[in-house]
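> The sequence shown maps to residues 773 to 935 in the working numbering.
For glycine and all other residues, C-beta sits at the position ideal for the given N, C-alpha and C.
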Amino acid sequence: MSERIEQLIRDYPKMKTEQRCLFHQISDFRGITEQEMIDTMYFSQPEGERVQTSGTANKTASIALNYRERMERINQEWYEHLEKEYLDLTEELRFFESAVKSVSGMPGTVLSDLVFGQMTWDKVAEKHYISRRSVGNYRAKAIVELEKMYQRHDDEVVAYMLS
Numbered sequence: 773m774s775e776r777i778e779q780l781i782r783d784y785p786k787m788k789t790e791q792r793c794l795f796h797q798i799s800d801f802r803g804i805t806e807q808e809m810i811d812t813m814y815f816s817q818p819e820g821e822r823v824q825t826s827g828t829a830n831k832t833a834s835i836a837l838n839y840r841e842r843m844e845r846i847n848q849e850w851y852e853h854l855e856k857e858y859l860d861l862t863e864e865l866r867f868f869e870s871a872v873k874s875v876s877g878m879p880g881t882v883l884s885d886l887v888f889g890q891m892t893w894d895k896v897a898e899k900h901y902i903s904r905r906s907v908g909n910y911r912a913k914a915i916v917e918l919e920k921m922y923q924r925h926d927d928e929v930v931a932y933m934l935s
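#1: Are the beta-carbon atoms belonging to Val-882 and Val-872 less than 8 Å from one another?
#2: In angstroms with no decimal places, state the Cα-to-Cα distance between Met-843 and Glu-806.
#3: How is Gln-848 classed by DSSP in three states: helix, strand or coil?
#4: Would Leu-861 and Met-921 qualify as a contact pair, given that the criterion is a beta-carbon distance under 8 Å?
#5: Can you give me the C-alpha to C-alpha distance between Pro-785 and Ser-903, rounded to a whole angstrom?
#6: Looking at the unbroken alpha helix (DSSP H) that takes in Arg-802, where does it start and where does it end?
#7: Once the 5 residues before and after Phe-795 are set aside, which same chain residues still bring their CB inside 8 Å of it?
#8: Answer yes or no: do Leu-854 and Ile-798 have a C-beta to C-beta separation smaller than 8 Å?
#9: Assign Gly-889 to one of two classes, buried (16 or more other C-beta atoms within 10 Å of its C-beta) or exposed (fewer than that).
#10: Can you give the Cα-Cα distance for Tyr-851 and Gly-880, rounded to whole angstroms?
#11: Could you check what DSSP says for Gly-908 in three-state terms: helix, strand or coil?
#12: Tell me, to the nearest whole angstrom, how far the beta carbon of Val-907 is from that of Ala-897; I am working on the premise that it is less than 8 Å.
#13: Please name the residue in Thr-789, Asp-811, Phe-801, Val-929 whose C-alpha comes closest to that of Phe-867.
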């Protein structure tokens, strides 16, 4: 479990950047254009045996009949994928942020400075007038509290899923 918390602490800035990127991708979503869809359908090569199963031998006619429906389906699937990624990441970040803010006392303050303030151990030690060793001790205590919160959260999720 501790590795999971350590990984979240390390990856927090990257996860926030990814969240913003996904948000903008969803906000500015355009999908593939009609021309891109037509080009893909026209230049794609059929796989497998070349046995004609439809009545239309003309590739252009087939593209004309199918491109809009396929384009809308692909765009919808991609949009839903982006939306799911964004919601999953946002939920993970929301819980992590609330858990860090819930750590009590000096361990919580130190961990908040390290995670949200992106401060170095030296800067945190200077800010709170403590030694680097104390920063490490407070950080370790905070991680133990976070592990308990995550264990409780995981247990609740499992209980909900099984009910």
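Let's see:
#1: The answer is no: Cβ separation not under 8 Å.
#2: 7 Å
#3: helix
#4: no
#5: For Pro-785 and Ser-903, the distance between alpha carbons rounds to 25 Å.
#6: Counting along the chain, Arg-802 falls outside any alpha helix (DSSP H), and DSSP gives it neither H nor E.
#7: Tyr-858
#8: yes
#9: With fewer than 16 other Cβ atoms within 10 Å, it is exposed.
#10: Cα to Cα, Tyr-851 sits roughly 38 Å from Gly-880.
#11: helix
#12: In this structure, Val-907 and Ala-897 form a Cβ contact; the two beta carbons are roughly 5 Å apart against a cut-off of 8 Å.
#13: Val-929
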